[in-house]
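Trainee:
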Amino acid sequence: MCEHHETSPQRRLILQALATGSLLSFSANGAPRSIHHLKGRVLVNGRLAQYDTLIKAGDNVETLRDSSIVFVVDKDAYMLRENSRLSLIVKNSVIDTLRLFSGKLLSVFGSGQKKLQTPIATIGIRGTGTYMTAEPSKTYFCTCYGTVDIASWQSSKMLERVTGTHHNARIITASNKQSWNMLPAKFEDHSDDELIMLESLVGRKPPFAV
Numbered sequence: 107m108c109e110h111h112e113t114s115p116q117r118r119l120i121l122q123a124l125a126t127g128s129l130l131s132f133s134a135n136g137a138p139r140s141i142h143h144l145k146g147r148v149l150v151n152g153r154l155a156q157y158d159t160l161i162k163a164g165d166n167v168e169t170l171r172d173s174s175i176v177f178v179v180d181k182d183a184y185m186l187r188e189n190s191r192l193s194l195i196v197k198n199s200v201i202d203t204l205r206l207f208s209g210k211l212l213s214v215f216g217s218g219q220k221k222l223q224t225p226i227a228t229i230g231i232r233g234t235g236t237y238m239t240a241e242p243s244k245t246y247f248c249t250c251y252g253t254v255d256i257a258s259w260q261s262s263k264m265l266e267r268v269t270g271t272h273h274n275a276r277i278i279t280a281s282n283k284q285s286w287n288m289l290p291a292k293f294e295d296h297s298d299d300e301l302i303m304l305e306s307l308v309g310r311k312p313p314f315a316v
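Next comes the structure, spelled out in structure tokens:
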């Protein structure tokens with residue numbers, strides 16, 4: 107793994123927990139868990155999450171300061187970092203859109219189409235690995251692998267189709283509805299090891315690890 111893919115000490119603890127079997131895959135009654143790692147104060151639909159909390163389509167997940175969560179819904183796996191707020195929006199009983207209001211989200215997806223939304227961008231995805239951060243006027247988005255279609259917040263018209271085999275990032279900024287800009291960006295703040303870990307939770311490997 108390249109040096110610029112290094113993992114922070116805090117996130118490395120999650121990876122070490124997986125390697126030693128400390129990330130929990132099953133509840134006490136043997137049913138599959140939604141939550142595989144939980145640190146600090148995490149809210150699901152406004153209530154403090156526990157390891158046996160079920161996260162499903164339609165739920166809202168929020169991490170507070172110094173908190174994080176790794177969870178699985180269906181064939182998709184997520185790592186939501188501190189000070190983040192995410193909604194899993196439903197259409198026809200399945201997750202159609204993941205809306206990241208604020209914070210940082212690393213995700214791996216099975217087959218099928220979904221949308222990712224931040225305050226200023228909409229990204230159409232199909233079986234990809236992605237990392238994104240959301241601020242009121244700034245979005246960082248990395249296509250770790252796969253193909254995505256990026257559009258601005260006020261239009262469904264695709265502005266760029268991005269394909270990545272091993273990290274292809276963009277930085278998107280907007281000062282108002284008439285000022286929207288997208289540029290290539292450097293790889294930052296996520297790692298190959300984290301993607302491998304997330305894919306392992308849903309029985310897959312990322313393309314670069316096959």
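Residue numbers for the sequence shown follow my numbering, beginning at 107 and rising by one. Positions of the beta carbon are idealized from the N, C-alpha and C atoms, including for glycine.
Determine, using beta-carbon pairs with one atom in the segment 268-279 and one in the segment 184-201, whether at least three such pairs fall under 8 Å.
Mentor: Touching, no.
Trainee: Sorted by chain position, which residues of the same chain lie with C-beta nearer than 6 Å to GLY230's C-beta, five sequence neighbours on each side aside?
Mentor: LYS221 and ASP255, listed in sequence order.
Trainee: The ligand MG and ASP180: does the residue's C-beta get closer than 7 Å to at least one heavy atom of that ligand?
Mentor: As presented, the structure is devoid of all ligands, the ligand MG included, so that no description of it is given.
Trainee: Contact defined as beta carbons within less than 8 Å: I believe GLU186 pairs with LEU211. What is the distance between those atoms, to the nearest angstrom?
Mentor: Reading the sequence as shown, one finds Leu at residue 186 and not Glu. The Cβ separation is near 6 Å, so the contact holds.
Trainee: Pull up the distance between the alpha-carbon of GLY233 and that of MET264, whole angstroms please.
Mentor: One C-alpha to the other measures close to 18 Å.
Trainee: If you draw a straight line from the C-alpha of MET107 to the C-alpha of SER297, how long is it?
Mentor: Low confidence applies to MET107: its pLDDT is 36, below 50, so where it sits in the model is not reliable enough to give any reading.
Trainee: Got a sec? Which residues, its chain only, sit under 6 Å from GLU349 by beta carbon, not counting five neighbours each side?
Mentor: The requested residue 349 is not part of the displayed model; the chain covers only 107 to 316.
Trainee: For ASN151 and LEU307, I'd like the C-alpha separation in whole angstroms.
Mentor: Approximately 23 Å between the Cα atoms of the pair.
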